[in-house]
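Trainee: Residue numbers (my numbering), protein chains in the order written: chain A, 5 to 319; chain B, 5 to 279.
C-beta: ideal position from N, C-alpha, C; glycine also.
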Amino acid sequence: MTAPVLQVTGLAHRFGAREVLRSVDLSVESGEVFGLLGPNGSGKSTLLNLLTGSIPLSAGEVRLDGVLLRPESRELRRAIGVVFQSPSLDGKLTVRENLRLVATMYGLTGAARRDAEERGLALARLGDRADSRVQELSGGMKRRLDIARALLPAPRVLFMDEPTAGLDEVSFRALWEHLEAANRRDGVTIVVSTHRPDEAARCSRVAVVDQGTIVRVATPAALCAGLARDRVVVGASDATGLAARLTAALGVDAAAVGDEVHVGCDDGHVFVPRLFEVAQPGEVRTVAVRRPDLADAFLALTGRSLESDTTGEAA
Amino acid sequence: MNHAADAELFGAPGSRTARAPISALRQELGVIHALWLRDTLRLIRERSRWLGLVAQPLMLWGILGAGFADSFHIPGYEDVSSLQYMFPGILGMVLLFTSIFSTMSVIEDRQSGFLQGVLVVPASRASLVLGKTAGVTTIVLVQSALFMLAAPLAGYAWGAVHWGTLLAVILLANTALTCANFVFAWVLNSTQAYHALMSVVLMPLWMISGAMFPPPSGWFGVVVAANPMTYGVAGLRAALGVPAGDAPSLAVSLAVLVGSAGLSLVAAIAATRRR
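(1) Output the residue ranges of the alpha helix (DSSP H) runs that lie fully inside the segment 58-100 of chain A and measure 4 residues or longer, sorted by chain position.
(2) So with Cβ pairs under 8 angstroms, would you call residue 125 of chain B a contact of chain A?
(3) For residue 203 of chain A, does the three-state DSSP call read helix, strand or coil?
(4) Just the C-alpha distance for residue 54 of chain B and residue 311 of chain A, rounded to the nearest angstrom, thanks.
(5) So with CB distances below 9 angstroms, who are the chain A contacts of residue 47 of chain B?
(6) Listing by chain order, which chain B residues have their CB less than 9 angstroms from the CB of residue 88 of chain A?
(7) List the endpoints of the continuous beta strand (DSSP E) containing residue 215 of chain B.
(8) May I ask you to report which of helix, strand or coil DSSP gives residue 264 of chain A?
(9) Go to residue 144 of chain A, then tell me how far its alpha helix (DSSP H) extends in each direction, as first and last residue.
(10) Taking the alpha carbon of residue 298 of chain A as the point to measure from, which residue in A/210, A/287, A/279 has its own alpha carbon closest?
(11) Mind listing the chain A neighbours of residue 31 of chain B? Cutoff is C-beta to C-beta under 9 angstroms, in chain order.
(12) Please classify residue 88 of chain A: is it buried, with 16 or more other beta-carbons within 10 angstroms of its beta-carbon, or exposed?
(13) Residues of chain A with CB under 9 angstroms from residue 41 of chain B, in chain order?
(14) By how many angstroms is the C-alpha of residue 186 of chain A removed from the C-alpha of residue 21 of chain B?
(15) Step through the CB atoms of chain A and report whether any lies within less than 8 angstroms of the CB of residue 35 of chain B.
(16) Tell me whether residue 319 of chain A sits in a helix, a strand or coil according to DSSP, three-state version.
(17) Pull out every residue of the segment 44-58 of chain A whose Cβ sits closer than 9 angstroms to any Cβ of chain C, in chain order.
(18) Tell me, please, whether the CB atom of residue 26 of chain B is closer than 8 angstroms to any CB atom in chain A?
(19) Grouping DSSP H, G and I as helix and E and B as strand, with all else coil, what is residue 231 of chain A?
(20) Which class does residue 182 of chain A belong to by DSSP, given the choice of helix, strand or coil?
(21) Determine whether the beta carbon atoms of residue 31 of chain B and residue 92 of chain B lie at a separation below 8 angstroms.
(22) Take residue 29 of chain A and list the residues in its own chain whose beta-carbon comes closer than 6 angstroms to its own, dropping the five residues that flank it on each side.
(23) If you pair each beta-carbon of the segment 146-165 of chain A with each one of the segment 85-101 of chain A, do three or more pairs fall below 8 angstroms?
(24) Return yes when the Cβ of residue 152 of chain A is within less than 8 angstroms of the Cβ of residue 128 of chain A, no when it is not.
(25) Using a C-beta cutoff of 8 angstroms, does residue 92 of chain A count as contacting chain B?
(26) Do the segment 172-189 of chain B and the segment 259-266 of chain B touch if we need at least three Cβ pairs shorter than 8 angstroms?
(27) Could you give the first and the last residue of the continuous alpha helix (DSSP H) run that contains residue 164 of chain A?
(28) Show which residues of chain B have a CB atom less than 9 angstroms away from the CB atom of residue 153 of chain A.
(29) To the nearest angstrom, how far is the alpha carbon of residue 37 of chain A from that of residue 198 of chain B?
(30) Which ranges does the beta strand (DSSP E) cover as unbroken runs of at least 3 residues, wholly within the segment 242-312 of chain A, from first to last along the chain?
(31) So, with DSSP's three-state summary, where would you put residue 10 of chain A?
(32) Under 9 angstroms between beta-carbons, which chain B residues line up against residue 96 of chain A? List them in chain order, please.
(33) Out of B/251, B/227, B/226, B/224, which has the shortest C-alpha to C-alpha gap to residue 237 of chain B?
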């Protein structure tokens, strides 16, 4: 029986009087892509900052391969790579120079350093931009380079804090294919924080983080399993009122989320015609039927929307 | 503690072949080397910016030195022209400006995320400070060499300069200034506050260091004597071969410089440990 690569028990943190994390327990197996899904302000960034030693740990224990370690200890830092919210790159220097800095920082010299530079260029797929300054790269390229930077010392665990924030859809997909390839090829364990349901869906397991606690840890499929088969999303002028009327008249599970009503039901095609029997003429602006995703699972688990923070930019 | 992670450092992607672990010393030297390399690369990349930090003081020297040429009379310095008197002080200004502008990057690095990437490397905070100091030292040495090209114009023959002493004074003064500014940058963590500190504290300290005029006696003299920059400028003067009559001796200057360099180095390391 091998110990999990990363095991966290009883982690807690407060900023002054505000409790940001409460008794967090986590266990991440080697080779997993582990997601921390929660809205902005749920505490997932603080959790990553504690695990990577960026904030001193005040309560709780962290074990790496079963060995108890202080997160700021060198033993732990030797085993991890971190992709922070803002890339750890020098924009004034070229792609190759940035990689040279990282290789040098990890103690490589001569041929070993040059090898590492080439490996980093291949890893970031930026061979043809080796001599471009980083500030001239697109957001997606910068992210790839930053991930290559973090992977260069071949860490056991790669931590990433909202790595796709600000990326367009194409870069998002390309980046994840890139990450999944690194995960398959090197077996690097990935722990990623996100508020995007489509990003969490790519993880092997997801911890649902809400208001400083872990509500549930399960595979994306298991998280969605308890939900009704269809999700009908109704854009309406008075979402709260319509949700109440739908629940009363049709006995369905309807909830107002912003200016939309979310209805979980097993037969969307049966529900939609009946919706118009209840709604006032002109009240319904849009109707969409889709499969439930992790945003719906989050809502069902916590009663809160993943997009509850205004700074969010969920897909 | 020696778990599997050590052996896996720098395993090539595609293979999990174990490599020799990187020793702790190599790791520390690596961080120092990398940060030095970064400042050196940026010096090459932004040549004009750093040249400006030499050209601007040189211009100031030319204007003030020439402007005061007729009115400049200091007892005890009868055969020293204003151009000659101000030259070492202006060299001190080059050191000050360079250390101020290069440690400003500490604030930018904290905000951009670059520094987080350095802090997660398994090395000590001392290496972070030493690497930065090494980088600034290289920039300062290049700038001082360029500045010294103008020495004969100020009446300092290259043959008469005590180069060894000059190098020692520059290295010590630069370490003291860079580490002190590192502390300010780290603690203030805001470019605006850092700029304010520069104009309210650092520039006035330079002005009363004997750079522009010899310290008068009385309370003002006490302030000048308490100013560490006074000893840097006195050291530069002595190295250039025209020591100031009533200024601190070279031995005293060097002693104070060693003390300030050591103190600010310790303070800078302590500041980074505190986060």
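Mentor: A quick look at the data gives this:
(1) Taking only runs of at least 4 residues, the alpha helix (DSSP H) segments lying wholly in the segment 58-100 of chain A are 78-83.
(2) Taking the second sequence and counting its residues from 1, the one referred to as residue 125 of chain B is at position 121. Yes, because at least one Cβ of chain A sits closer than 8 angstroms to the Cβ of residue 125 of chain B.
(3) As a working note, residue 203 of chain A is residue 199 in the first sequence. Residue state, collapsed to three classes: helix.
(4) Sequence index remark: in the second sequence, residue 54 of chain B carries index 50 (1-based). Sequence index remark: in the first sequence, residue 311 of chain A carries index 307 (1-based). When rounded, the distance between both Cα atoms is 47 angstroms.
(5) Residue mapping note: residue 47 of chain B aligns to position 43 of the second sequence, counting from 1. Here the premise fails: no neighbours, minimum Cβ distance about 11 angstroms.
(6) Counted from its first residue, the first sequence places residue 88 of chain A at position 84. Ordered by position in chain B, the residues that pass the 9 angstroms Cβ test against residue 88 of chain A are 117, 120, 121, 124.
(7) Mapped onto the second sequence, residue 215 of chain B falls at position 211. Per DSSP, residue 215 of chain B belongs to no beta strand (DSSP E) and is neither H nor E.
(8) To locate residue 264 of chain A, count along the first sequence from 1; it is residue 260. Note: residue 264 of chain A maps to strand in three-state DSSP.
(9) If you number the first sequence from 1, residue 144 of chain A lands on position 140. It spans 143-155 - the alpha helix (DSSP H) in which residue 144 of chain A sits, taken as one unbroken run.
(10) Along the first sequence, one-based indexing puts residue 298 of chain A at 294. Comparing Cα positions, the closest option is A/210.
(11) Indexing the second sequence from 1 puts residue 31 of chain B at position 27. Those within 9 angstroms of residue 31 of chain B in chain A are 78, 82, 109, 110, 111.
(12) Reading the first sequence from its first residue, position 84 is the one you call residue 88 of chain A. Flag for residue 88 of chain A reads buried.
(13) Here residue 41 of chain B is taken as the residue at index 37 of the second sequence, counted from 1. Those within 9 angstroms of residue 41 of chain B in chain A are 101, 104, 105, 108.
(14) Sequence index remark: in the second sequence, residue 21 of chain B carries index 17 (1-based). Sequence index remark: in the first sequence, residue 186 of chain A carries index 182 (1-based). Here the model assigns residue 21 of chain B a pLDDT of 37, short of 50, so the residue's position is not dependable, and the following value carries that caveat. So the alpha carbons of these two residues sit roughly 16 angstroms apart.
(15) The residue labelled residue 35 of chain B in the question sits at position 31 within the second sequence. At least one chain A Cβ lies under 8 angstroms of residue 35 of chain B.
(16) Your numbering for residue 319 of chain A matches position 315 in the first sequence. At residue 319 of chain A, the pLDDT of 31 sits below 50, so the modelled position is not reliable; the number obtained from the coordinates is stated separately. DSSP places residue 319 of chain A in coil when its eight states are reduced to three.
(17) Looking at the structure shown, chain C is missing, and the protein chains on hand are A and B.
(18) For the purposes of this step, residue 26 of chain B is taken as residue 22 along the second sequence, with counting starting at 1. Chain A, which has a Cβ nearer than 8 angstroms to the Cβ of residue 26 of chain B, makes this yes.
(19) Residue numbering aside, residue 231 of chain A sits at position 227 when the first sequence is read from its first letter. If DSSP states are grouped into helix, strand and coil, residue 231 of chain A belongs with coil.
(20) Within the first sequence, the letter at position 178 stands for residue 182 of chain A. Residue 182 of chain A sits in a helix when the DSSP states are folded into three classes.
(21) On the second sequence, position 27 is the one that residue 31 of chain B refers to. On the second sequence, position 88 is the one that residue 92 of chain B refers to. Going by C-beta atoms, residue 31 of chain B is not nearer than 8 angstroms to residue 92 of chain B.
(22) Residue numbering aside, residue 29 of chain A sits at position 25 when the first sequence is read from its first letter. Here the set comprises 13.
(23) yes
(24) Translated into positions along the first sequence, residue 128 of chain A becomes position 124. Translated into positions along the first sequence, residue 152 of chain A becomes position 148. Cβ distance < 8 angstroms, so residue 128 of chain A and residue 152 of chain A count as in contact.
(25) Here the question's residue 92 of chain A lines up with position 88 in the first sequence. Yes, residue 92 of chain A lies at the interface with chain B (some Cβ there is under 8 angstroms from its Cβ).
(26) yes
(27) For this step, residue 164 of chain A is matched to residue 160 along the first sequence. Run containing residue 164 of chain A: none in the alpha helix (DSSP H); it sits in the beta strand (DSSP E), 161-165.
(28) Numbered from 1 along the first sequence, position 149 holds the residue referred to as residue 153 of chain A. Listed along chain B are 121, each with a C-beta nearer than 9 angstroms to that of residue 153 of chain A.
(29) As a working mapping, residue 37 of chain A is identified with position 33 in the first sequence. As a working mapping, residue 198 of chain B is identified with position 194 in the second sequence. About 42 angstroms.
(30) 257-261, 264-269, 288-294
(31) As a first step, residue 10 of chain A must be located in the first sequence, where it is residue number 6. Three-state result, residue 10 of chain A: strand.
(32) Translated into positions along the first sequence, residue 96 of chain A becomes position 92. Within 9 angstroms Cβ-Cβ: 45, 46, 49, 50.
(33) Indexing the second sequence from 1 puts residue 237 of chain B at position 233. That would be B/251, whose Cα lies nearest to the Cα of residue 237 of chain B.
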